Amino acid sequence: MFGFIQKRDLILTLTKYEFKLRYRGAALGVLWSLLAPFLLALVLYFVFRNIFAFVENFAIYVLVGVFVFRFFSVATSVGINSILGKSHLITKTNLNREFLPFATTISYAISSFIELLILIPIVLFLGAKIGFWLLFLPFLHVIYTIFVYGLNLLLSATMVYFRDLNQIWEVLTNVLFFASPIVYPISVIPEELRQIYMLNPITAIIELYRGVMIYNSIEISFLIYAIASSFLMFLAGYTAFKKLQTRFGEIL
Amino acid sequence: MIEVERVSKKFRLPTEKRTTLFEEILAFIKGKREFTEFWALKDVSFKVENGEILGIIGPNGSGKSTLLKIIAGILYPDEGKVYVRGKITPILELGVGFDPELTAKENAYLYGVIMGFKRSEIRSKIDEIFKFAELEKFRNMKLKNFSSGMYARLAFATAVATEPEILLIDEVLAVGDISFQKRCIERIKELNENGTTIILVSHSPNLIKELCKRSMLLENGSVKAIGSPEEVIKAYIG
């Protein structure tokens, strides 16, 4: 755990250049990465607005949902390759391997945070109630990042052994998109399935972001569940990674 | 100090290469999960004292690189143990992690931190690095415009800029022109005089003789001879 502080130079440098290379040649940089989710949110809004007309301010409801989920989907789809795609660093150097998915996760966490900051004036303009609880946004983002990092540890290590995992994961991500309250409110889920439905940590996380960015409130039970599942995910991912990494050098 | 104690390493080579979950499931159902086993290292023991240079020679496929990787912690031994006191800097290949889209200076930083140095260490040595590599004019050029010689010089200069506690070098001294090679060897000597422990893998008997006081011959994964370079090279060449 203390390794992260000790090796901050490595992490910062890897993150910095990953960030830099991602936006090379793109003068508008982060702005381009905003366009895709905006269009997606727009389409989803027009398709579903009549069905879910009862949701208060459905446009920003969808907008925040799409942007929050986007961090998860993009960071894991890239993070799943963070070991396999840098196999030369694994087989030829002795750097701590858990830093590779970490650098990827952090660089996407930063761009996601910038995207959310840009979103604030937009949702405000569209009628969101923003207030004191917005100060919670960075904290929420840290919790969410821990969750994504844990998952990326698990995914990137497993990917070394099963090279088709990314295709399976792509499908699962799409399933998760519809298994999370992004384009519909939780209230449409039948009462008897609600308990199972709420097990999805992404649900709690999305609702928390909506709380601070739209309703100026925070649901304590969601917060506790999000923190608990993030730390569990991290613990599970880290343990699995430590076990699986012993044979990276041979397989890659 | 490095102590290698009865280390063996087995590689499992699947008869058919399976790397997808789908193939793995298919093979499992058919009951075909065979491996050919291959011992890359068998019962290897030796010790390197602080401040020593050990030269390892041996034919291709004798397990030299596998041994270095085990000492570096990249591979894990199946049997035996490796004790290391001190921080290891392995140079198994030059320019690992270099990115063609970044400038030479950015790459020096990137490569440096990958090798385990601090940014501040690299910053204080950056002028020396470019002077040693004779690339002062190309600091801000993107690496994709470099020739392979320039690439290797930048990598080597960065790798040896600071004074590592333990250095593992695998066949990377034969880069650049003769004058650069000479300076590389001078730098290795200088590092060793300042206390760096070095394990050097090379195919060149002359280099081993010039740099090392002790040498080891590895053949088919086991230690065939260990002692003064003259004797070991005699055992190797015959």
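From first to last, the protein sequence lines stand for chains C and Z.
So for the first sequence, this note's numbering puts the first residue at 67; every next one is plus one.
So for the second sequence, this note's numbering puts the first residue at 3; every next one is plus one.
Here a beta-carbon is modelled for each residue, glycine too, at the ideal position from N, C-alpha and C.
Please read these numbers as outputs of a predicted model, since none were measured by experiment.
{"Asked": "Near-chain C residues of the stretch 74-103 of chain Z - C-beta to any C-beta below 7 Å", "Found": "ALA74, GLY75, ILE76, LEU77, TYR78, ILE90, PRO92, LEU94, GLU95, VAL98, GLY99, ASP101, GLU103"}
{"Asked": "Spatially closest choice to ALA157 of chain Z from Z:PRO102, Z:THR198, Z:GLU221, by CA coordinates", "Found": "Z:PRO102"}
{"Asked": "Backbone CA spacing between GLY315 of chain C and GLY53 of chain Z [nearest angstrom]", "Found": "28 Å"}
{"Asked": "Contacts around SER178 of chain C, its chain only, beta-carbon distance under 6 Å, and the 5 residues preceding and following it disregarded", "Found": "PHE137"}
{"Asked": "Within-7 Å CB hit, THR68 of chain Z to chain C", "Found": "no"}
{"Asked": "Closest by C-alpha distance to ILE93 of chain Z, when choosing among Z:ILE201, Z:VAL234, Z:ALA135, Z:LYS215", "Found": "Z:ILE201"}
{"Asked": "Given GLU290 of chain C as reference, the closest of C:THR171, C:ILE248, C:ILE209 once Cα atoms are compared", "Found": "One detail in the question is off: residue 290 of chain C reads as Ile in this sequence, not Glu. It is C:ILE209."}
{"Asked": "At least 3 beta-carbon pairs within less than 8 Å: the stretch 167-182 of chain C vs the stretch 252-268 of chain C", "Found": "no"}
{"Asked": "Residue-level contact to chain C via CB, LYS184 of chain Z, 7 Å cutoff", "Found": "no"}
{"Asked": "DSSP state of ASP230 of chain C mapped onto helix, strand, coil", "Found": "coil"}
{"Asked": "Environment of VAL226 of chain C [buried if 16+ CB atoms lie within 10 Å]", "Found": "buried"}
{"Asked": "Beta bridge counterpart(s) of ASP172 of chain Z as assigned by DSSP", "Found": "Z:VAL203"}
{"Asked": "Nearest candidate by alpha-carbon position, reference LYS107 of chain Z, set Z:VAL86, Z:ASP172, Z:MET152", "Found": "Z:MET152"}
{"Asked": "Rounded C-alpha distance that separates ALA243 of chain C from LEU200 of chain C", "Found": "This sequence places Phe at residue 243 of chain C; Ala is not what is there. Cα to Cα, PHE243 of chain C sits roughly 25 Å from LEU200 of chain C."}
{"Asked": "Distance between beta carbons of LEU310 of chain C and THR157 of chain C, contact taken as under 8 Å", "Found": "Contact doesn't hold; Cβ gap of about 15 Å is too wide."}
{"Asked": "CB of PHE303 of chain C within 7 Å of CB of LEU219 of chain C, strictly", "Found": "It should be pointed out that residue 303 of chain C corresponds to Gly in this sequence rather than to Phe. For GLY303 of chain C and LEU219 of chain C, yes; Cβs fall inside 7 Å."}
{"Asked": "C-beta contact flag for ILE271 of chain C and ALA245 of chain C at 7 Å", "Found": "no"}
{"Asked": "Chain-ordered chain C contacts of ARG121 of chain Z [CB-CB under 8 Å]", "Found": "ASP75, LEU78, THR79"}
{"Asked": "Start-end ranges of the beta strand (DSSP E) lying completely within the stretch 29-89 of chain Z, minimum 3 residues", "Found": "37-50, 55-59, 81-86"}
{"Asked": "Integer-rounded CB distance, given that GLY178 of chain Z should sit under 8 Å from ALA154 of chain Z", "Found": "6 Å"}
{"Asked": "Identity of the residues DSSP links to ILE196 of chain C by a beta bridge", "Found": "In DSSP, ILE196 of chain C forms no bridge with anything."}
{"Asked": "Cβ pair ILE235 of chain Z, PRO207 of chain Z closer than 7 Å", "Found": "yes"}
{"Asked": "Coil, strand or helix - GLY97 of chain Z by DSSP", "Found": "coil"}
{"Asked": "Runs of alpha helix (DSSP H) wholly within the stretch 222-272 of chain C (minimum 4 residues, chain order)", "Found": "231-244, 260-263"}
{"Asked": "Whole-angstrom C-beta distance between VAL132 of chain C and PRO103 of chain C, which should lie under 8 Å", "Found": "5 Å"}
{"Asked": "Interfacial residues, the stretch 50-63 of chain Z to chain C, with Cβ spacing under 9 Å", "Found": "none"}
{"Asked": "C-beta neighbour in chain C for VAL203 of chain Z, strict 7 Å", "Found": "no"}
{"Asked": "LEU217 of chain C to LEU190 of chain C span [Cα, whole Å]", "Found": "32 Å"}
{"Asked": "Partners in chain Z for THR312 of chain C, counting only beta-carbon separations shorter than 9 Å", "Found": "LEU77, TYR78"}
{"Asked": "Residues of its chain near LYS66 of chain Z, where Cβ-Cβ distance is below 7 Å and the 5 sequence neighbours each way are ignored", "Found": "ILE58, GLY60, VAL203, LEU220"}
{"Asked": "Chain Z contact residues for PHE228 of chain C, given Cβ-Cβ distances below 8 Å", "Found": "THR21, THR22, LEU23, GLU26"}
{"Asked": "LEU79 of chain Z and ILE72 of chain Z closer than 7 Å at C-beta", "Found": "According to the sequence shown, residue 79 of chain Z is Pro rather than Leu. Cβ atoms of PRO79 of chain Z and ILE72 of chain Z: closer than 7 Å."}
{"Asked": "Option in C:VAL140, C:VAL254, C:LEU97 with minimal Cα separation from TYR215 of chain C", "Found": "C:VAL140"}
{"Asked": "Coarse secondary structure for GLY197 of chain Z, derived from DSSP in three states", "Found": "coil"}
{"Asked": "Distance between beta carbons of VAL46 of chain Z and VAL86 of chain Z, contact taken as under 8 Å", "Found": "At roughly 15 Å, the Cβ-Cβ gap does not stay under 8 Å, so VAL86 of chain Z and VAL46 of chain Z are not in contact."}
{"Asked": "Under 7 Å from the C-beta of LEU112 of chain Z: neighbouring residues of chain C", "Found": "THR79, TYR83"}
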